[in-house]
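Input: a single structure, listed below in structure tokens.
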Amino acid sequence: MGYKAVYDGWKSDPEAFWMQAAEAIDWDRAPTRALFERGDHLYDWFADARVNTCYNAADRHVHAGHGDRVAIIHDSPITGTKAKITFAELQSRTASLAGALRDKGVTKGDRVVIYMPMVPEALVAMLACARLGAIHSVVFGGFAASELAVRLDDAKPKAVIAGSCGLEPGRVVPYKPLLDGAIDEARHKPEFTVIFQREPETADLVEGRDFDWDEIQRDVIPADCVPVEGDHPAYILYTSGTTGAPKGVVRPTAGHLVALNWSMKNIYNVDPGDVFWAASDVGWVVGHSYICYGPLIHGNTTIVFEGKPVGTPDAGTFWRVISEHKVKSFFTAPTAFRAVKRDDPKGELLHKYDLSALGAIYLAGERADPDTIEWTQKMTGKPVYDHWWQTETGWTIAGNPAGIEALPVKLGSPTVAMPGYDVQILDEAGHPVAPGTLGAIAIKLPLPPGTLPTLWNAEDRFRKSYLTTFPGYYETGDAGMIDEDGYLYIMARTDDVINVAGHRLSTGGMEEVLAGHPDVAECAVIGVSDDLKGQMPVGFLCLNSGCDRDPQEICAEVVQRVRQKIGPVAAFKLACVVDRLPKTRSGKILRATMVSIADGKPYKQPATIDDPAILDEITEALKTIGYPRG
Numbered sequence: 001m002g003y004k005a006v007y008d009g010w011k012s013d014p015e016a017f018w019m020q021a022a023e024a025i026d027w028d029r030a031p032t033r034a035l036f037e038r039g040d041h042l043y044d045w046f047a048d049a050r051v052n053t054c055y056n057a058a059d060r061h062v063h064a065g066h067g068d069r070v071a072i073i074h075d076s077p078i079t080g081t082k083a084k085i086t087f088a089e090l091q092s093r094t095a096s097l098a099g100a101l102r103d104k105g106v107t108k109g110d111r112v113v114i115y116m117p118m119v120p121e122a123l124v125a126m127l128a129c130a131r132l133g134a135i136h137s138v139v140f141g142g143f144a145a146s147e148l149a150v151r152l153d154d155a156k157p158k159a160v161i162a163g164s165c166g167l168e169p170g171r172v173v174p175y176k177p178l179l180d181g182a183i184d185e186a187r188h189k190p191e192f193t194v195i196f197q198r199e200p201e202t203a204d205l206v207e208g209r210d211f212d213w214d215e216i217q218r219d220v221i222p223a224d225c226v227p228v229e230g231d232h233p234a235y236i237l238y239t240s241g242t243t244g245a246p247k248g249v250v251r252p253t254a255g256h257l258v259a260l261n262w263s264m265k266n267i268y269n270v271d272p273g274d275v276f277w278a279a280s281d282v283g284w285v286v287g288h289s290y291i292c293y294g295p296l297i298h299g300n301t302t303i304v305f306e307g308k309p310v311g312t313p314d315a316g317t318f319w320r321v322i323s324e325h326k327v328k329s330f331f332t333a334p335t336a337f338r339a340v341k342r343d344d345p346k347g348e349l350l351h352k353y354d355l356s357a358l359g360a361i362y363l364a365g366e367r368a369d370p371d372t373i374e375w376t377q378k379m380t381g382k383p384v385y386d387h388w389w390q391t392e393t394g395w396t397i398a399g400n401p402a403g404i405e406a407l408p409v410k411l412g413s414p415t416v417a418m419p420g421y422d423v424q425i426l427d428e429a430g431h432p433v434a435p436g437t438l439g440a441i442a443i444k445l446p447l448p449p450g451t452l453p454t455l456w457n458a459e460d461r462f463r464k465s466y467l468t469t470f471p472g473y474y475e476t477g478d479a480g481m482i483d484e485d486g487y488l489y490i491m492a493r494t495d496d497v498i499n500v501a502g503h504r505l506s507t508g509g510m511e512e513v514l515a516g517h518p519d520v521a522e523c524a525v526i527g528v529s530d531d532l533k534g535q536m537p538v539g540f541l542c543l544n545s546g547c548d549r550d551p552q553e554i555c556a557e558v559v560q561r562v563r564q565k566i567g568p569v570a571a572f573k574l575a576c577v578v579d580r581l582p583k584t585r586s587g588k589i590l591r592a593t594m595v596s597i598a599d600g601k602p603y604k605q606p607a608t609i610d611d612p613a614i615l616d617e618i619t620e621a622l623k624t625i626g627y628p629r630g
């Protein structure tokens, strides 16, 4: 069956489609039906089932005779170490840690915050919680104490599992002082912590509250898997809210299992036993879905990588890992390839490695500009598939279903909607628009399995954030269009569609034009306030390594390019060259913060910012073109 037949089959009978997909999961009690309506546009999937996530990610592979298959490869170019963990070892380790947590009083429904670096123990901690039916909430390792405190107060965890430190190129980041500071600041105090000690920085433990990872597991009786209801939360993952208060996205257990398992073959085209690598962090949704859960549930080998796309030791590190571990499908953010391209524009480092095992490269996390896709395709000779999803959905909304049928790639489009997602483009009044027309991207309810049913302890906020603007639809917050062939184009966040003298224009469309300039490695366009036109676009350019041309000349050329390719209507006249762009640790460009700086408005430094010093550089660059005004 091709994509169209599969998608139409889902649309004609969603219940049968998802019940069939559910057959691939090992249930304690199989679901009798897929969809349960709670009323008023609220839904649950497989709610009458009973199941355990850890069993499906570890134990069942051992019971099926695949215990010696490698489950996790840890590759840390920062420490120069590599390790492999089989499914049998993973089962044993999770059962041991779960037993230790159980003995300290952690039971089904308790929350556990996990604050770990990119080590296999992070996955063991997540799965140990799932084994007990405890609800984990992973917080990005090294997150500021005040931000961690906010999450402690919201999730109210019984315990925290943390690493003693994380490692960045050239520096050690001690986690324990940050954790101590967060516990001091938080109103809610966890009953105990478990600290995984790492050699570069061992942490001082508070007697009676902090327990050593190895010590707490000594002589423990391993824990069995605790079956939970299908709608029981597997985890809470906090994502930034527009008000500054984080939103706790809830991931329900059964739908999560079914959707992720389905996606591994149908989207990423891997079979059990193949090596799958998502170069992300366990602190982000990609790390949850496609470092930990998806690959392990499906029986794939997953890679836990502690390093960066450049600098550990060079821009060839991705190719080295892919070659050495025979990666079949590779998933990362476009910003990672932009960094690689900037350091090694001719791909000289790539030619040292054998990429013959690699089937395809997948990009997500931000809009993939055509220039980055074309460069990656040209250098690797592999298909490069952009795909689009969100923390809230947990898996692909629109992508190229390579395991069903590899559809032709259209640069700038993440391809087509996946089964489960009825994606529509709406005008401001909530009416569908014609093909090729820019509008708000919304998904007709119900959302498919694995997506968020609500926010943690915040159902009113859930409704207001996602369900109120377009009744009967989930509001994605993104703007874009669908062409005559059903291909979706994500042009910008809804608030990145700027209004220039009455013309609604996509900053993403302008970024595409800028990225096409041969000297531009990376770029961002924002809309700044203008008394005459309402808003004006401003471009920020990062140039390729080794470029020695006059920056003013390049700025003049990109202004001309936008005029030629989009037209005078864009009113694009302002551009400046910067060394780097402000980003979150997951690689998203902080455009809203840049707009606040340009407009001279107060802003709160985003908690997820990679390097706060970059904001000062952006401020100085804006001064060279006359911003902030007044």
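Residue numbers for the sequence shown, in full-length UniProt numbering: 1 to 630.
Don't be surprised by glycine CBs; every beta carbon is placed ideally from N, CA and C.
Since this is a predicted model, take the numbers as computed values, not measurements.
Point to revise | As assigned by DSSP and simplified to three states, the class of Q424 | key: strand
Check your understanding: Name the DSSP beta bridge partners of H503, please?
Key -> As computed with DSSP, H503 is found in a beta bridge with V500.
Practice item. Just the C-alpha distance for L257 and F87, rounded to the nearest angstrom, thanks. Key: 18 Å
Review point. Terminal residues of the continuous alpha helix (DSSP H) containing Y3?
Key: Y3 to S12
**Study point:** Per DSSP, cross-strand counterpart(s) of Q535
**Key:** S529
Practice item. Return the first residue and the last residue of the alpha helix (DSSP H) that R320 is part of. Key: T317 to H325
Review point. With distances taken between CB atoms, is the gap from N56 to I267 smaller than 8 Å?
Key: no
Check your understanding: From which residue to which residue does the beta strand (DSSP E) around T302 run?
Key -> T301 to F305
Exercise for review: Reducing DSSP to helix, strand and coil, say where I85 ends up.
Suggested key: strand
Point to revise | Alpha-carbon to alpha-carbon, T437 and A571 | key: 21 Å
Check your understanding: Can you tell me where the beta strand (DSSP E) with M481 in it begins and where it stops?
Key -> Y473 to I482
Exercise for review: Please name the residue, chosen from R585, G600, A21 and Y627, that lies closest to G307 on a Cα-to-Cα basis.
Suggested key: R585
**Study point:** Residues that DSSP places opposite I114 in a beta bridge
**Key:** V138 and I161
Exercise for review: Let me know if L488 comes out buried or exposed under the rule of 16 or more other beta-carbons within 10 Å of its beta-carbon.
Suggested key: buried
Check your understanding: When the Cβ atoms of the segment 472–481 are set against those of the segment 422–435, are three or more pairs found closer than 8 Å?
Key -> yes
Exercise for review: Kindly indicate which three-state DSSP category Y353 falls into: helix, strand or coil?
Suggested key: Coil.
**Study point:** Residue closest to H387, alpha-carbon to alpha-carbon, out of D369, M379 and T380
**Key:** D369
Practice item. Quickly, what does DSSP pair L237 with across the bridge? List them, please. Key: V249
Review point. How many whole angstroms separate the CB atoms of G516 and D343, which I take to be in contact at a CB cut-off of 8 Å?
Key: Not really, about 20 Å apart at Cβ, beyond 8 Å.
Point to revise | Residue from C547, R561 and K464 whose Cα sits closest to the Cα of G509 | key: R561
Review point. Considering only residues of the same chain and omitting the five flanking positions on each side of P120, which have a CB-CB separation below 6 Å?
Key: These residues qualify, in order along the chain: I72, H74, I85 and V304.
**Study point:** Cβ neighbours of C54 in the same chain (closer than 8 Å, five flanking residues each side left out)
**Key:** T94, A98, L127, A128, A130, R131 and C225
Point to revise | Beta-carbon spacing of E185, S137 below 8 Å | key: no
Review point. So, is N300 buried or exposed, given that buried needs 16 or more other C-beta atoms within 10 angstroms?
Key: So N300 counts as buried.
Check your understanding: For the putative contact between L42 and P551, defined by C-beta atoms under 8 Å, what is the C-beta separation to the nearest angstrom?
Key -> 53 Å between Cβ atoms; not a contact.
Review point. When the distance is taken between beta carbons, is L447 closer than 8 Å to G248?
Key: no
Check your understanding: Once you ignore the five residues that flank A83 on each side, which residues in its own chain have a CB closer than 6 Å to its CB?
Key -> H74
Practice item. Classify H63 as helix, strand or coil using the three-state DSSP reduction. Key: It is helical.
Exercise for review: Please report the Cβ distance between V282 and A100, rounded to the nearest whole angstrom; I am assuming they are in contact, meaning their Cβ atoms lie under 8 Å.
Suggested key: Contact doesn't hold; Cβ gap of about 20 Å is too wide.
Exercise for review: With a cut-off of 8 Å on the beta carbons, I'd call T302 and F276 a contact; round off their distance for me.
Suggested key: 6 Å
Review point. Counting pairs of beta carbons, one from the segment 99–117 and one from the segment 152–163, are three or more of them closer than 8 Å?
Key: Yes, they touch.
Review point. Applying the criterion that 16 or more other CB atoms from any shown protein chain within 10 Å of the CB defines a buried residue, is H351 buried or exposed?
Key: exposed
Practice item. Report the partner residues of E512 according to the DSSP bridge assignment. Key: In the DSSP output, where bridge partners are listed per residue, E512 has none listed.
Review point. For D153, which three-state DSSP category applies?
Key: Helix, per DSSP.
Review point. Can you tell me whether DSSP reads R38 as helix, strand or coil?
Key: Collapsing the DSSP output to three states places R38 in a strand.
Point to revise | Rounded separation between G9 and W18 - CA only | key: Rounded to whole angstroms, the separation of the alpha carbons of W18 and G9 is 11 Å.
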